[in-house]
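Position one of the sequence shown corresponds to residue 4 (the numbering used here), numbered consecutively onward.
Think of the CB as a built atom: it goes at the ideal place given N, C-alpha and C, for glycine as much as any other residue.
Read the structure below first, then the notes.
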Amino acid sequence: MVDEDVVVDKLRYINQYTDDLKQMRGMSKEEYVKDVVMQRAVERTLMNLVQACIDLAQHIRSEEDLSPSGTAKQEMQALENADILSPETQGRMEEAIGFRNILAHRYGDIDHDVVYDVLHNDLHWFEQFQQELAQWFQQFGS
4 MVDEDVVVDK LRYINQYTDD LKQMRGMSKE EYVKDVVMQR AVERTLMNLV QACIDLAQHI
64 RSEEDLSPSG TAKQEMQALE NADILSPETQ GRMEEAIGFR NILAHRYGDI DHDVVYDVLH
124 NDLHWFEQFQ QELAQWFQQF GS
């Protein structure tokens, strides 16, 4: 059985990081591309956000004895296979994990236009992830 404190804590972090990123949206793409400090803040917060999602998925997968542990993407697949996440949300979270890997490991140069677009167009997927897990937890996790 999942640990309620862990789930609530991770959901709180996901919400906090998403809110922090929303507050970083105020500048134009041109300003963002020139502002190295803002780029680092956005990138680090995005990495933390995705990691919190991975940590929560790992906890649920482990405690619900879903599938054997594997990669972060496999953790999301296990939640989708258990009907905890919708297929669309699971796919978007896998994309986010790949994006986090690029940011964290600096595979080549970071495309700041892409990061800016994620900041402005994709945060709702993290909210959707949070909502789906919260709904599952309310129904089955406690």
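May I ask you to report which of helix, strand or coil DSSP gives Met-79? As a working note, residue 79 is residue 76 in the sequence shown. In this structure, Met-79 counts as helix in the three-state DSSP scheme.
Three Cβ pairs or more, each shorter than 8 angstroms: is that satisfied between the region 23-38 and the region 89-108? no
Under three-state DSSP, which class holds Pro-90? Walking along the sequence shown from the start, residue 90 turns up at place 87. In this structure, Pro-90 counts as helix in the three-state DSSP scheme.
If you reduce the DSSP assignment to three classes, tell me which class Leu-126 lands in. Here the question's residue 126 lines up with position 123 in the sequence shown. In this structure, Leu-126 counts as helix in the three-state DSSP scheme.
Going by the beta-carbon positions, is the gap between Met-4 and Cys-56 smaller than 8 angstroms? In the sequence shown, the residue the question calls residue 4 occupies position 1. In the sequence shown, the residue the question calls residue 56 occupies position 53. Not a contact, by the Cβ cut-off of 8 angstroms.
Span of the alpha helix (DSSP H), counted from its first residue to its last, around Gln-26: Position 23 of the sequence shown, counted from the start, is the residue given in the question as residue 26. Here the alpha helix (DSSP H) through Gln-26 covers 7-26.
CB-CB under 8 angstroms to Asp-58, same chain, minus the five flanking residues each way: which ones, in chain order? As a working mapping, residue 58 is identified with position 55 in the sequence shown. Correct list, in chain order: Lys-13.
Give me, in chain order, the residues of the same chain whose beta-carbon lies closer than 8 angstroms to that of Glu-78; leave out the 5 immediate sequence neighbours on both sides. Translated into positions along the sequence shown, residue 78 becomes position 75. Excluding positions up to five away in sequence, the list reads Ile-57, Ala-60, Gln-61, Arg-64, Ser-72.
Arg-109 (DSSP reduced to helix, strand or coil): As a first step, residue 109 is located in the sequence shown; it is residue number 106 there, counting from the start. DSSP places Arg-109 in coil when its eight states are reduced to three.
Could you check the C-alpha separation between Leu-122 and Trp-128 for me, to the nearest Å? For the purposes of this step, residue 122 is taken as residue 119 along the sequence shown, with counting starting at 1. For the purposes of this step, residue 128 is taken as residue 125 along the sequence shown, with counting starting at 1. Looking at the two C-alpha atoms, the distance is approximately 11 angstroms.
I'd like to know whether the C-beta atoms of Leu-52 and Thr-21 end up nearer to each other than 8 angstroms. Position 49 of the sequence shown holds residue 52. Position 18 of the sequence shown holds residue 21. Contact: yes.
How many angstroms separate the CA atom of Gln-141 from the CA atom of Gln-19? Mapped onto the sequence shown, residue 141 falls at position 138. Mapped onto the sequence shown, residue 19 falls at position 16. One C-alpha to the other measures close to 20 angstroms.
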